[in-house]
Amino acid sequence: MFDISEDKINETELRKKTRDSACGGFVCFEGWVRDHNQGKAVQKLAYEAYPKLAIKEGNKIISQAMEKFAIKKAFCTHRVGLLEIGDMAVWVGVSAAHRDAAFKACRYILDEVKSRVPIWKNETWTDGESGWVEQE
Amino acid sequence: MFDISEDKINETELRKKTRDSACGGFVCFEGWVRDHNQGKAVQKLAYEAYPKLAIKEGNKIISQAMEKFAIKKAFCTHRVGLLEIGDMAVWVGVSAAHRDAAFKACRYILDEVKSRVPIWKNETWTDGESGWVEQE
Amino acid sequence: MKNTSKNITILFFGKLKETWKTSELKQTTQVNTIEELYIELLKHCDEEPHKASIKAAINDEFVSWDSSINDNDTIAFLPPASGG
Amino acid sequence: MKNTSKNITILFFGKLKETWKTSELKQTTQVNTIEELYIELLKHCDEEPHKASIKAAINDEFVSWDSSINDNDTIAFLPPASGG
Chain V
0 MFDISEDKIN ETELRKKTRD SACGGFVCFE GWVRDHNQGK AVQKLAYEAY
50 PKLAIKEGNK IISQAMEKFA IKKAFCTHRV GLLEIGDMAV WVGVSAAHRD
100 AAFKACRYIL DEVKSRVPIW KNETWTDGES GWVEQE
Chain E
0 MFDISEDKIN ETELRKKTRD SACGGFVCFE GWVRDHNQGK AVQKLAYEAY
50 PKLAIKEGNK IISQAMEKFA IKKAFCTHRV GLLEIGDMAV WVGVSAAHRD
100 AAFKACRYIL DEVKSRVPIW KNETWTDGES GWVEQE
Chain X
92 MKNTSKNITI LFFGKLKETW KTSELKQTTQ VNTIEELYIE LLKHCDEEPH
142 KASIKAAIND EFVSWDSSIN DNDTIAFLPP ASGG
Chain G
92 MKNTSKNITI LFFGKLKETW KTSELKQTTQ VNTIEELYIE LLKHCDEEPH
142 KASIKAAIND EFVSWDSSIN DNDTIAFLPP ASGG
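Protein chains in written order, with the numbering used here: chain V, 0 to 135; chain E, 0 to 135; chain X, 92 to 175; chain G, 92 to 175.
Written out as C-alpha cells, the structure reads:
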C-alpha cells in the first residue's frame, strides 16, 4: 500500500505491517533529507504532492511490483510538507520468501515512485534562496 | 562493522549507528527465521559460529564493500544461538549519498556474509528431527 | 464540433505554479482538448515550459493531450516528479 | 623434513561435528601440513566429507591445505557457511 503523510513517517509501524512469518527476507529503503544536494547546502525542504493522484499512482506501482516479483507484502510512504535535515522523506519496505525478490522489488518501487508519482521537491538553501528541484 | 550477537538483534540501535546527515539513502536487509525452509516446516533453529574468525571475515567484507561502493557507513550483525520463528537472524544496513550504491553494497555484504562467514544453521523441524542446513 | 462554454478548474503544481504565478485558476473556456487549453494558457505566462516534460490530468486521472474537456472538469498540469 | 611431535587442538564446526562425533580434539601429531592432518583424521570417521567444500583455519585465520602445522596450533575444519 502506498500513502503520503504530513507527519513524520512511522517506520516502526510500517516495518511491523510488512513482516510476515512466512517470509525470510525484508528489504527497506529510507530516503533522508541530506544537508547538501546537487552541490548546494540545503537548509530544509518541502515536498508538495497532488494527493489523490499520488495515492492512486503509488498503489498502481505497488500492484505492479506484486505481479512482477515473488514478494509477499510491500508498503511505501512518502512524506509531504516541510522537512528538516535528517528527516525521512520516503520509506519503502518489502517482504518476501527469498532475498532476491525483496531487493529487486524494493528498488523497483523506489525508482517508479520517484519518476511517476506526482510529488515535487522544493529546497531552501543555506544562502536563503529556494527553488523547485529537477529529478537527478 | 560486523558483529555476532547471542541476544536479539537491536535493529533500532543499528539503524541509528548507520544514519548520517550527509547521506540521502539507507538500505537495510533483515533476515528472519521462516516457518518453512526447503519444503520442511521449521519449528526453531540454531546458528553456530566460529566467533573470532566470523568477526574477522565479516569485517573484511564490510571493508571491501566500503572500497567497492560509494557508501558512508555499513553495519552487519548476525545472530547466533537458538532462534524462534520470526526472530531476526541477520541485519545489514548501509547508508550512502545515493540510492544505487546503498542497494548494491547492502546486497553485496549480505551475499558475501552468507557464503564466506563461518556461521552454520541447524534446523529443528516440526516432526522433531533436526539437521545442519546446506546453503541454498 | 461546436465549441461550447465550459466552467473548469485548472491546478498547477511544482514549478508550474511559478510559471503561471498561481496554483489554481477557475475559468470559462471554449476549447475542447487539453492541448488546446494548454496553448491558450501559454498566452498568460512569460516562459514556455517544455511541454514534453509536462503531464496532464483530468479529475485525478492522468490523461493524454488530446483528451476532451467537459463542463466542471478539474484539469491539472504536472511538471516531472521529483519525490524520493 | 623431519616429522616432529606437535601438540595441537582440532576444532570441528557444523555438520563436521557429527562426522567426527566431537567438536574438539586435543592430540599429538607427527604430520606437517593441514592436508596430511585431514587425511589422518579421515581414518577416524565413517564418511568421507567432500574436501573441496571444507575450509581450514589455523589460529583463527583461513589457511590453504598445504600450510604447515606448528606446536600448540589450533586447527579448525569448517563446512560451507550457511548463515543468513
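C-beta atoms are modelled at their ideal positions from N, C-alpha and C, and glycine is treated no differently.
For the options E/133, E/129, E/132 and E/106, the alpha carbon positioned closest to that of residue 67 of chain E is the one of E/106. Within the region 100-127 of chain V, contact with chain E at the beta-carbon level (separation under 7 Å) is assigned to 102, 106 and 109. Bounds of any alpha helix (DSSP H) do not take in residue 78 of chain E; it lies within the beta strand (DSSP E) bounded by 70-78. A residue is called buried once 16 or more other Cβ atoms fall within 10 Å of its Cβ, and residue 130 of chain V, having fewer, is exposed. Rounded to the nearest whole angstrom, the C-alpha separation of residue 12 of chain E and residue 32 of chain E is 21 Å. In terms of Cα proximity to residue 75 of chain E, the closest of E/84, E/120, E/116 and E/126 is E/116. In this structure, residue 27 of chain V keeps its C-beta atom at 8 Å or more from the C-beta atom of residue 18 of chain V. In the three-state reduction of the DSSP assignment, residue 57 of chain V falls in the helix class, which pools H, G and I. Between residue 168 of chain G and the set G/151, G/123, G/174 and G/175, the nearest pair of CA atoms involves G/151. Between residue 44 of chain E and residue 98 of chain V, the C-beta spacing is not below 8 Å. Straight through space, the alpha carbons of residue 22 of chain E and residue 95 of chain X are spaced by roughly 54 Å.
For residue 107 of chain V, the uninterrupted alpha helix (DSSP H) segment begins and ends at 98-115.
Going by DSSP, residue 84 of chain V is part of no alpha helix (DSSP H) at all; its letter is neither H nor E. By the neighbour-count definition (other C-beta atoms within 10 Å, threshold 16), residue 164 of chain G is a buried residue. Pairing residue 116 of chain G with residue 42 of chain E, the inter-Cα distance amounts to about 32 Å. Checking the DSSP bridge columns, you'll see residue 118 of chain X partnered with X/99. The shortest C-alpha to C-alpha distance from residue 112 of chain V to any of V/48, V/38, V/37 and V/101 is the one to V/48.
In terms of CA proximity to residue 108 of chain X, X/140 leads the group X/130, X/124 and X/140.
For residue 43 of chain E, there are no C-beta contacts with chain G under 8 Å, since the nearest C-beta of that chain is about 16 Å from it. A Cβ-Cβ separation of about 7 Å places residue 114 of chain X in contact with residue 102 of chain X under the 8 Å criterion. According to the DSSP secondary-structure assignment, residue 27 of chain E is paired through a beta bridge with V/27 and E/92. For residue 131 of chain X, the enclosing alpha helix (DSSP H) starts and ends at 125-133. Closer than 9 Å at the C-beta level to chain V, one finds these residues of the region 157-172 of chain X: 167, 169, 170, 171 and 172.
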